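Single-structure report; data block below.
2 protein chains.
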Amino acid sequence: MNIGEAAKLSDLSVKTIRYYEDIALVKPDRLENGYRDYSDADIHCLIFLQRARGLGFSIDECRLLLSLYEDDHRSSRDVKAIAKDKLAEIDRKIDELQALKNTLKTLVKNCHGDDKPDCPIIDNLSGQRAQ
Amino acid sequence: MNIGEAAKLSDLSVKTIRYYEDIALVKPDRLENGYRDYSDADIHCLIFLQRARGLGFSIDECRLLLSLYEDDHRSSRDVKAIAKDKLAEIDRKIDELQALKNTLKTLVKNCHGDDKPDCPIIDNLSGQRAQ
DNA sequence: ATAAGGGTTACAGTGACTGGAAGGTCAAGC
DNA sequence: GCTTGACCTTCCAGTCACTGTAACCCTTAT
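As you go down the protein sequences, you meet chains A and B in turn. Anchor point for the first sequence: position 68 equals 68 in this note's numbering, and the numbering is continuous, going up by one each time. Anchor point for the second sequence: position 21 equals 21 in this note's numbering, and the numbering is continuous, going up by one each time.
See below:
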């Protein structure tokens with residue numbers, strides 16, 4: 001099947017699919033005319049990648065997950081470990097953003113937002129510990 | 001003052017400071033020997049940038065904030081608007097990560113994590129709606 | 001005189017794509 | 001047979017905000 005159809009089925013862009021071939025993630029056969037020819041197994045890999053990326057796994061993590069996906073003798077322990085790491089990472093990111101949010105919220109609340117130049121946001125950024 | 005000291009005072013790397021000059025954010029004078037020479041005002045800009053970047057503002061947003069910072073006739077309304085936009089963006093990101101976290105948490109919880117290959121995480125990624 | 005520790009430029013690499021140019025292929029309609 | 005348009009191909013450049021590396025110059029202390 002052509003790359004265009006593969007794109008529709010996997011909900012990835014044609015560009016992205018070609019990129020995944022560049023980095024040796026999914027390597028379809030070629031037809032005589034040079035067109036890529038995706039098998040059902042290839043499509044499943046693409047869908048797998050689309051979902052894994054959507055869940056925030058990096059390309060390298062996807063590569064690992066994909067090898068587990070294709071390994072009938074995998075242990076679910078290995079998969080779970082990767083997912084747990086990612087979960088912890090997401091937690092850290094949320095905490096970080098939450099802290100940013102709190103800081104920014106306080107600054108926004110304290111800023112009059114009028115025509116005058118006095119601004120606690122600017123003051124804070126400039127290093128003056130404004131209240 | 002030399003770039004090394006500027007780096008210490010602003011808590012930015014030397015590389016980053018040079019990069020900020022490349023993209024015309026902070027343009028120090030030059031000494032006769034070609035060394036960059038940072039004024040107190042330059043240092044304040046660098047500190048400003050370090051804090052603004054730390055709060056999640058993009059370089060372009062920093063550029064805008066910096067122009068407001070340097071503008072004595074700014075209105076705090078303009079600053080507040082940028083900060084509010086950023087706040088909304090952070091909120092969106094937190095929501096997104098929260099959704100990811102929930103999905104991943106469910107998957108991790110349902111995975112036995114043993115020697116067997118059966119794995120709801122893999123099943124989910126492969127497109128099978130596993131329970 | 002030399003060595004350490006600054007400074008300078010220029011170019012390449014990161015991650016995960018995305019955009020664009022220049023061209024080849026295919027199927028449908030005239 | 002010809003054209004049109006939609007698809008496909010490769011290759012190169014750009015994104016963001018730096019970071020790494022190489023090759024070289026300058027300053028200061030010994």
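The beta-carbon is built from N, C-alpha and C at its ideal position, and this holds for glycine as well. All values reported here derive from a predicted model rather than from experimental measurement.
Going by DSSP, what residue range makes up the alpha helix (DSSP H) through residue i?
i: R74 of chain A; result: Note, R74 of chain A: premise wrong, no alpha helix (DSSP H); not H, not E.
i: P117 of chain B; result: It is not in any alpha helix (DSSP H) - P117 of chain B carries neither H nor E in the DSSP assignment.
i: K27 of chain A; result: Looking at the DSSP string, K27 of chain A is not in any alpha helix (DSSP H), and its letter there is neither H nor E.
i: I23 of chain A; result: Run containing I23 of chain A: none; DSSP gives neither H nor E here.
i: L9 of chain A; result: 3 to 10
Taking 8 Å as the cut-off, decide whether the C-beta atoms of residue i and residue j are in contact.
i: L100 of chain A; j: N124 of chain A; result: no
i: I90 of chain B; j: L31 of chain A; result: no
i: L104 of chain B; j: L87 of chain A; result: yes
i: L68 of chain B; j: L25 of chain B; result: no
i: K15 of chain B; j: E21 of chain B; result: no
i: I59 of chain B; j: I23 of chain B; result: yes
Could you list which residues in chain A have their beta carbon closer than 8 Å to that of residue i, in chain order?
i: T103 of chain B; result: L55
i: I90 of chain B; result: L97, L100, K101, L104
i: L125 of chain B; result: F48, R51, A52, L55, L65, Y69
i: K8 of chain B; result: Those do not exist, as K8 of chain B stays about 15 Å from chain A at its closest Cβ, beyond 8 Å.
i: L87 of chain B; result: K101, L104, K105, V108
Taking the alpha-carbon of residue i as reference, which of the options has the nearest alpha-carbon?
i: G127 of chain A; options: B:H73, B:K116, B:R51; result: B:R51
i: E70 of chain A; options: B:D118, B:A6, B:M1, B:L12; result: B:D118
i: N2 of chain B; options: B:R36, B:L104, B:G113; result: B:R36
i: C62 of chain A; options: A:V79, A:I94, A:K109, A:C111; result: A:V79
i: K116 of chain A; options: B:L104, B:S75, B:E89, B:R92; result: B:S75
i: L55 of chain B; options: B:H73, B:D72, B:I82; result: B:I82
i: D40 of chain B; options: B:S13, B:L65, B:A7, B:N33; result: B:A7
i: G4 of chain A; options: A:D114, A:L46, A:I23, A:D60; result: A:L46
i: D114 of chain B; options: A:R18, A:K27, A:R77, A:H112; result: A:R77
i: K84 of chain B; options: B:N102, B:F57, B:D72; result: B:F57
i: D72 of chain A; options: B:G34, B:S13, B:I122, B:H112; result: B:I122
i: D11 of chain B; options: B:H44, B:K93, B:N33, B:G34; result: B:H44
i: L49 of chain B; options: B:H112, B:Y19, B:R92, B:K109; result: B:Y19
Output, in chain order, the set of chain B residues within a Cβ distance shorter than 9 Å of residue i.
i: L12 of chain A; result: Within 9 Å Cβ-Cβ: nothing; L12 of chain A doesn't reach chain B, min ~13 Å.
i: D72 of chain A; result: P117
Could you list which residues in chain B have their beta carbon closer than 8 Å to that of residue i, in chain order?
i: L46 of chain A; result: The premise fails here: L46 of chain A is roughly 10 Å from chain B at the closest Cβ pair, so nothing lies under 8 Å.
i: K15 of chain A; result: Residues of chain B passing the Cβ test: none, with the nearest at roughly 22 Å.
At a CB-CB cut-off below 9 Å, which residues of chain A make contact with residue i?
i: S75 of chain B; result: G113, D114, D115, K116, P117, C119
Along chain B, which residues have their Cβ under 7 Å away from the Cβ of residue i?
i: K84 of chain A; result: V108
i: K93 of chain A; result: L97
i: V79 of chain A; result: C111, C119, I121, I122
In chain A, which residues lie with their C-beta within 7 Å of the C-beta of residue i?
i: D40 of chain B; result: The premise fails here: D40 of chain B is roughly 12 Å from chain A at the closest Cβ pair, so nothing lies under 7 Å.
For this session: Enumerate, from N- to C-terminal direction, the unbroken alpha helix (DSSP H) stretches of 4 or more residues contained entirely within the segment 40 to 104 of chain A.
Result: Listed in chain order, they are 40 to 54, 59 to 69.
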